[in-house]
Amino acid sequence: MRRSGALALMVGLTALTTCVSGAVTSAAPAPAPAEPAPTEQALADYIKAGLKAQPVAGTGSACNSGSGTGSGNGSGDCYGGSGSSSGSSGGSATDTIGFGPAQTSWVSAFGYGLQNPDVAPPGTNDWNCKPTAAHPRPVVALHGTWMNAYNGYAYMGQPLKDAGFCVFTFNYGRSNLLQGGGVGSVLPGVMGTGYIEDSAKQLARFVDRVVTATGADKVDIIAHSQAGPMASYYTKFENGAPRVQNLITLGATNHGTTLDGIGALGRAVNNLGIDVLGFVEIFVGHAGIQQTVGSNFVNKLNAGGDTVPGIDYTVIGTRYDEITTPFDLTFLKAGPGATVNNVVLQDGCDQDFSDHLTMLYSPRALSLVLRALDPAGHPGLVCTFNPWLIGGGGSL
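Heads up, the sequence shown is in the working numbering, so the first residue is 131 and it goes up one at a time.
Rendered as structure tokens:
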């Protein structure tokens, strides 16, 4: 199977997984400047070198080209920098209500999350939980694009709780088709499609609620895919740095993605003045286009360096990632006052074939997260078989 078809396959799996069902446990809701050559490798090298791809002429904050004329985010900014911003600004963040069952397979979790988009993963959102001396910071777990809080952490949530952490999560970037969420947003369980800048503001409000409820000064963040750069945007541009100690990312699009060359080709064509990404944006949503290599969002995010002082970064990538490509675009370079630990999931564990999605259902990835949160308490790493796309050790 070609990896470039993974997004289409993900949509196809929707039909397969909607037959997966389970009971929802009721619970009280949470309280309220050279231009690169138009090739994949050249664009990837540009991002790695910290350079910026030239935007399409006539685009940017004017929002006056392509299909985005007269639209945008309502503030005069064309966040995507893609040559269009189809749809208006909008979207929201929502709390979870009730809890879904624990899952070991991404496929079954994804299907359950589509049918029950508002439930929390087990082990999360106990608003009476208080951090301990051993684990003084609550953990905020963030889902990726086209996912939600439940299917993002239906596997990791309970083990993190059992390890003694207070874990909190929510649905961010919830937007509809008219708000620019793309065709995927018509499905009830698809979140993380709105502008990433808007999602970062939603994260800021959620973190404030968590620290108020728990009495903690800081939080640790676990972020998958889009949530990695979204959390970094929060620390850099939404005054989030003083609130964060550890930022742990899994398959994060920290330097954008070529999507196996599709995003690179689109960006190259856009940079020649032809708005193809504006058309694609109609399907994948604002957040999807913002994560392509050379986007205005990616360039702004990394213009001052990958990190901010005072934060410890653990960046987990997988060699079999079909969404963040090349997979090492996820890795960060430490700047002053920050530490970075870049980890390849397969180093020391060849039998873990986790891809972009199933890494959230990898026992090894879980052990890496636990070690990042508490090195003394969880020094060991697990190595088990975890297949590409399915996860769960090959079981649905």
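Even for Gly, the Cβ is constructed at its ideal location relative to N, Cα and C.
Taken in chain order, the complete alpha helix (DSSP H) segments of 4 residues or longer contained in the segment 251–334 are 279–283, 287–292. Going by DSSP, S362 is part of the alpha helix (DSSP H) stretching over 357–367. Bridge partners of N429 according to DSSP: none are assigned. Just measuring C-alpha positions, the residue of A264, A330, G221, M321 sitting nearest A506 is A264.
In the structure shown, the three-state DSSP call for I227 is coil. Per DSSP, Y242 is not a residue of any beta strand (DSSP E); the alpha helix (DSSP H) it occupies stretches across 236–245. Close CB contacts of D458 within its chain, under the 7 Å cut and outside five residues either way in sequence, are with G447 (chain order).
In the DSSP annotation of this structure, the continuous segment of the beta strand (DSSP E) that includes A353 starts and ends at 349–354. The segment 283–294 makes no contact with the segment 326–343: fewer than 3 CB pairs, one atom from each, lie closer than 8 Å. The three-state secondary structure of I419, taken from DSSP, is helix. The beta carbon of N281 lies closer than 6 Å to those of A239, F240, G243 in the same chain, with the five residues before and after it left out. The C-beta separation of W257 from A343 comes to about 5 Å, placing the pair in contact by the 8 Å criterion. Here V374 carries a strand assignment [DSSP, helix/strand/coil]. Under DSSP, S222 forms a beta bridge with R304. Taken atom to atom, the span from the alpha-carbon of G523 to that of P517 is near 6 Å. Annotation: T387 to Q420 spans about 10 Å, alpha carbon to alpha carbon. Judged by pairs of C-beta atoms under 8 Å, the segment 331–341 does not touch the segment 434–445, as fewer than three such pairs exist.
Closest option to F515, judged by alpha-carbon separation, among D480, L496, H486: D480. Residue environment: T469 is assigned as exposed (fewer than 16 neighbouring CB atoms within 10 Å of its CB, all protein chains considered).
Under DSSP, the beta-bridge partners assigned to T469 are D442. For the options V349, F336, L308, the alpha carbon positioned closest to that of T323 is the one of L308.
Looking at the DSSP output, V474 sits in a beta bridge with G447. In the DSSP assignment, S497 falls within the unbroken alpha helix (DSSP H) covering 493–503.
Residue state for D458 is assigned as helix, using DSSP reduced to three classes. Scanning its chain for C-beta atoms nearer than 7 Å, with the 5 sequence neighbours on each side dropped, one finds around V374 the residues K348, V349, I351, T365, I441, in chain order.
One Cα belongs to P318, the other to N306, and the distance between them is close to 10 Å. For D482, the pairing in a beta bridge is given by DSSP as N516. Cβ-Cβ distances below 6 Å link N278 to G243, P247, N301, G319, M321 in the same chain, with the five nearest sequence neighbours on each side left out; the list follows chain order.
DSSP lists A353, V445 as the bridge partner or partners of T379.
By the C-beta density criterion, D482 is buried, having at least 16 other C-beta atoms within 10 angstroms.
Under DSSP, G386 takes part in a beta bridge, and its partners are N384.
In the structure shown, the three-state DSSP call for G522 is helix. 8 Å or more divides the Cβ of T254 from the Cβ of S355.
Out of L503, P359, L377, the CA that lies nearest to the CA of S425 is found in P359.
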